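Taking it in order: structure first as structure tokens, then the write-up.
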Amino acid sequence: MEAFKVASEGVGMQLEFIWKNIREPLIVPMLRWTVYLCLGLSLIMLVEKVYMAIVICYVKLFKRTPEKCYKFKAIEDDVELGNSNYPMVLVQVPMYNEREVYQLSIGAACELSWPSDRIIIQILDDSTDPTIKEFVQEECRRWRNKGVNIKYEVRDNRNGYKAGALKEGMKHSHVLQCEYVAIFDADFQPEPDFLLRTIPFLVNNPEIGLVQARWKFVNANECLMTRMQQMSLDYHFKVEQEVGSSTYAFFGFNGTAGVWRISALNEAGGWKDRTTVEDMDLAVRASLKGWKFLYLSNLQVKNELPSTLKAYRYQQHRWSCGPANLFRKIVMEIVTSKKVSLLKKLHIVYSFFFIRKIVVHVHTFVFYCILLPATVMVPEVVVPKWGTVYVPSIITLLKAVGTPRSFYLVIFWVLFENTIALHRTKATIIGLLETSRVNEWIVTEKLGDALKGKDGGKELKKLRFKIVDRIHLSELFVGFYLLFCGCYDLMHGKNQFFIFLYIQAIAFFILAFGYVGTFVSNS
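Residue 523, in UniProt numbering, is where the sequence shown stops; the numbers in between run on with no holes.
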């Protein structure tokens, strides 16, 4: 026992000796310069957020509505021309094992206000469950009997996933007669007047290749996690998309709730499955061909947020990995493009990709969850108050204004975003380095009305998970790291970061054990 004690003391002394010898020449300068880099990135993100705030204020104050910026003339019935006054429109609804929502999406598509002989609805069913395929086919048959021109399309493989399904759908002969294509994911429910409010912009403005509508979340109040998602996505739709549309007539296509001019889609090279963000890929390529995009913030399409942690993590992996991987593959195409201005190229490369798709994820996790906690053990590295309090607070407030009703949740939102930033950072690195899981595509689970009881209330069922299936080791490790740094700061430090570190550690532990979102049975 005494020999073990002596050995332990010897190891401890050796570790202390190593730490003292590498601290001054290596750890301190490396940490200091990394902190400086992150502070610089914080200022860059602040400038980006302030710029977008100024633009959105200008748009709102001077009422720069789409109708003022572009021609809009409603399509009216013509006695002589009849329905031929309306252009032919293709509506595509890709789906995969959508048991809970297939009726909602098919019904919404079939109820769009448009002459029945001027619209073709494609249900692109990649389902692998034969029972669900039969349900979807029967639903299509039911609407066809009502006089709707609906086509049930299947293929013998899932190559390319959603991009492959959309690409296959465009190969059918009946598509040749269509000028425009509207796309809706399986959980999206457009209002009947959707085409009447979007198609006229395309008809009257030949330079516009895409009209994108805003998302409206029907289950935002499902749980705290969906409220957090709403805060992040509301900023994206109310500010980022609006600013992109108003300044450079460019933004990322959201993959659904939009209408493409088919000639623009074809000129850009059609759907490609080289990444998991085929929608963003198409948008960038179309923009490089000179096409303009229009965003309609006042046109909302109902859809569902993922309410289980598992579904949300899969979605965030795809949304973070895909853009980073696309950036790697398309950056030279952007730089060498001859049809767009240097300013627009700079906007796409710097603002759209580098800042929003890469820097924001990595910076959030590395600075607030790794470097800032590390400085409590290296007092030689001092982080200025403006970098830890003022700049982050301003950025947070500018982003939170998108959802005023949830402003009281801003602290929980910050903790949640810092925590999920670990998952996004890993996905971003996977995309940039093109390592394993880079092309992983798992369809986001939709619950539809599955959680609603007969009385309309929510009926949540908790499962008895196996502990190994539930624990996320990366989050658990970071939680212990933050806890250790918090304890060190409380006992030896001068920064007084321990309160933040303790709270953030708790947030990581909650996520690590999966106690976020709703729990539903698989039965």
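Every residue, glycine too, gets a C-beta built ideally from N, C-alpha and C. Model, not experiment: these values are computed from the prediction.
Name the residue from M95, A257, I499 and G517 whose alpha carbon lies nearest to the alpha carbon of T128.
-> Numbered from its first residue, the sequence shown carries residue 128 at position 128. That would be M95, whose Cα lies nearest to the Cα of T128.
Could you tell me if I56 is buried or exposed, where buried requires 16 or more neighbouring beta carbons within 10 angstroms of its beta carbon?
-> Translated into positions along the sequence shown, residue 56 becomes position 56. Looking at its Cβ environment, which holds 16 or more other Cβ atoms inside 10 Å, I56 is buried.
Report all residues from its chain with a CB closer than 8 Å to the CB of R328; omit the five preceding and five following residues, and keep chain order.
-> Position 328 of the sequence shown, counted from the start, is the residue given in the question as residue 328. In chain order, G431, L432 and E434 place their CB closer than 8 Å to the CB of R328, counting only its own chain and leaving out the 5 sequence neighbours on each side.
DSSP state of D78, grouped into three classes?
-> Along the sequence shown, read from residue 1 onward, the residue named residue 78 stands at position 78. If DSSP states are grouped into helix, strand and coil, D78 belongs with the strands.
Does DSSP put R158 in a helix, a strand or coil?
-> Working through the sequence shown from its first residue, we reach residue 158 at position 158. R158 falls in the coil class under three-state DSSP.
Are there 16 or more other CB atoms within 10 angstroms of the CB of F62, so buried, or fewer, so exposed?
-> Residue numbering aside, residue 62 sits at position 62 when the sequence shown is read from its first letter. By the neighbour-count definition (other C-beta atoms within 10 Å, threshold 16), F62 is an exposed residue.
From M332 to K338, what distance separates their C-alpha atoms?
-> Within the sequence shown, the letter at position 332 stands for residue 332. Within the sequence shown, the letter at position 338 stands for residue 338. Taking the straight line joining both Cα atoms gives about 12 Å.
Alpha carbon of A512 to alpha carbon of L476, nearest angstrom = Residue numbering aside, residue 512 sits at position 512 when the sequence shown is read from its first letter. Residue numbering aside, residue 476 sits at position 476 when the sequence shown is read from its first letter. Each residue's Cα considered, the two are about 5 Å apart.
When you compare each of A249, V239 and A427 to C69 by their alpha carbons, which one comes out closest?
-> Taking the sequence shown and counting its residues from 1, one reaches residue 69 at position 69. For the set A249, V239 and A427, the Cα lying nearest the Cα of C69 is the one of A249.
State the start and end residues of the unbroken beta strand (DSSP E) segment that holds F508.
-> Here residue 508 refers to the residue found at position 508 of the sequence shown. Here F508 belongs to no beta strand (DSSP E); instead the alpha helix (DSSP H) covers F498 to A512.
Spell out a yes or no on whether the stretch 378–392 and the stretch 19–28 are touching, meaning 3 or more CB-CB pairs, one atom from each, closer than 8 Å.
-> Under the 8 Å Cβ criterion, the stretch 378–392 counts as touching the stretch 19–28, having at least three qualifying pairs.
Taking G418 as the reference, give the member of S246, Q189 and I510 with the closest Cα.
-> Your numbering for residue 418 matches position 418 in the sequence shown. For the sequence presented, residue 418 should be read as Asn rather than Gly. Per the Cα distances, I510.
P130 versus E138: straight-line alpha-carbon distance, rounded = Stepping through the sequence shown from its first residue, residue 130 is reached at position 130. Stepping through the sequence shown from its first residue, residue 138 is reached at position 138. Inter-residue distance for P130 and E138 is about 12 Å (C-alpha atoms, whole angstroms).
Counting only the same chain and skipping the five closest in sequence on each side, list residues whose C-beta sits under 7 Å from that of G40.
-> As a first step, residue 40 must be located in the sequence shown, where it is residue number 40. A distance below 7 Å between beta-carbons, with the five flanking residues on each side excluded, links G40 to no residue of its chain.
Candidates E179, V101, N219 and V35: closest to G517 by CA position = The sequence position of residue 517 within the sequence shown is 517, counting from 1. Comparing Cα-Cα distances from G517 to each of E179, V101, N219 and V35, the minimum goes to N219.
Inter-stretch contact at 8 Å, needing at least 3 Cβ pairs: the stretch 274–284 / the stretch 319–326 | With the cut-off at 8 Å, the stretch 274–284 and the stretch 319–326 touch.
In three-state terms, what does DSSP make of Y314?
-> Within the sequence shown, numbered from 1, the residue matching residue 314 stands at position 314. Helix, per DSSP.
Backbone CA spacing between I119 and F407 [nearest angstrom] = Here the question's residue 119 lines up with position 119 in the sequence shown. Here the question's residue 407 lines up with position 407 in the sequence shown. Their backbone Cα atoms lie some 43 Å apart in a straight line.
Measure the alpha-carbon distance for E242 versus V478 and round it to whole angstroms.
-> As a first step, residue 242 is located in the sequence shown; it is residue number 242 there, counting from the start. As a first step, residue 478 is located in the sequence shown; it is residue number 478 there, counting from the start. Roughly 36 Å separates the two Cα atoms.
Would you list the residues sitting across from L422 in a DSSP beta bridge?
-> Counting from one through the sequence shown, the residue named residue 422 turns up at place 422. DSSP, once it has assigned bridges, lists no residue as partnering L422.
Where does R99 sit, in a helix, a strand or coil, going by DSSP?
-> Stepping through the sequence shown from its first residue, residue 99 is reached at position 99. Looking at R99 - three-state DSSP - the assignment turns out to be coil, as it is neither helix nor strand.
Sub-8 Å separation of T403 and M225 beta-carbons | The sequence position of residue 403 within the sequence shown is 403, counting from 1. The sequence position of residue 225 within the sequence shown is 225, counting from 1. Cβ distance not < 8 Å, so T403 and M225 don't count as in contact.
Presumed contact (8 Å Cβ cut-off) between L305 and P190, rounded CB distance | Counting from 1 along the sequence shown, the entry for residue 305 is found at position 305. Counting from 1 along the sequence shown, the entry for residue 190 is found at position 190. Rounded, the Cβ-Cβ distance is 17 Å, inconsistent with contact.
Sort L371, C223, H423 and I123 by Cα distance to T34 and report the nearest one.
-> Translated into the one-based positions of the sequence shown, residue 34 becomes position 34. Closest in C-alpha terms to T34, from the list L371, C223, H423 and I123, comes L371.
Distance CB(V284)-CB(I75) smaller than 8 Å = If you number the sequence shown from 1, residue 284 lands on position 284. If you number the sequence shown from 1, residue 75 lands on position 75. It is not a contact, given that the beta carbons lie outside the stated cut-off.
Hey, which unbroken runs of the alpha helix (DSSP H) at 4 residues or more fall wholly within the stretch 141–218?
-> Correct list: 161–169 and 194–204.
Could you check if K71 is buried or exposed, using at least 16 other CB atoms within 10 Å of its CB as the buried criterion?
-> By one-based count along the sequence shown, residue 71 stands at place 71. So K71 counts as exposed.
Provide the residue(s) that pair with R261 in DSSP beta bridges, ordered along the chain.
-> Along the sequence shown, read from residue 1 onward, the residue named residue 261 stands at position 261. Y180, per the DSSP bridge assignment.
Are K238 and S173 touching if we call contact CB-CB under 8 Å?
-> For the purposes of this step, residue 238 is taken as residue 238 along the sequence shown, with counting starting at 1. For the purposes of this step, residue 173 is taken as residue 173 along the sequence shown, with counting starting at 1. Taking 8 Å as the cut-off, the beta carbon of K238 is found no closer than this to the beta carbon of S173.
Delimiting residues of the alpha helix (DSSP H) encompassing D489 | Here the question's residue 489 lines up with position 489 in the sequence shown. L473 to M491 is the span of the alpha helix (DSSP H), which, as asked, contains D489.
Any idea if Y102 is buried or exposed, counting beta-carbon neighbours within 10 angstroms, 16 or more meaning buried?
-> If you number the sequence shown from 1, residue 102 lands on position 102. Burial state of Y102 is buried, judged by a 10 Å Cβ sphere holding 16 or more other Cβ atoms.
Tell me where the beta strand (DSSP E) around F293 begins and ends.
-> Stepping through the sequence shown from its first residue, residue 293 is reached at position 293. Segment K292 to N303, the beta strand (DSSP E) holding F293.
Between which two residues does the beta strand (DSSP E) carrying D281 extend?
-> As a working mapping, residue 281 is identified with position 281 in the sequence shown. Annotation: D281 is outside any beta strand (DSSP E); the continuous alpha helix (DSSP H) that includes it extends over E278 to L288.
Segment limits, alpha helix (DSSP H) that includes L342 | Position 342 of the sequence shown holds residue 342. That run of the alpha helix (DSSP H) goes L342 to L346.
Could you pull out every residue in the same chain whose Cβ sits closer than 8 Å to the Cβ of E168, ignoring the five residues on either side in sequence?
-> Translated into the one-based positions of the sequence shown, residue 168 becomes position 168. Taken in chain order, the residues that qualify are L124, E153 and R155.
List the residues that DSSP assigns as beta-bridge partners of L90.
-> On the sequence shown, position 90 is the one that residue 90 refers to. Within the DSSP secondary-structure output, L90 pairs in a beta bridge with I120 and V181.
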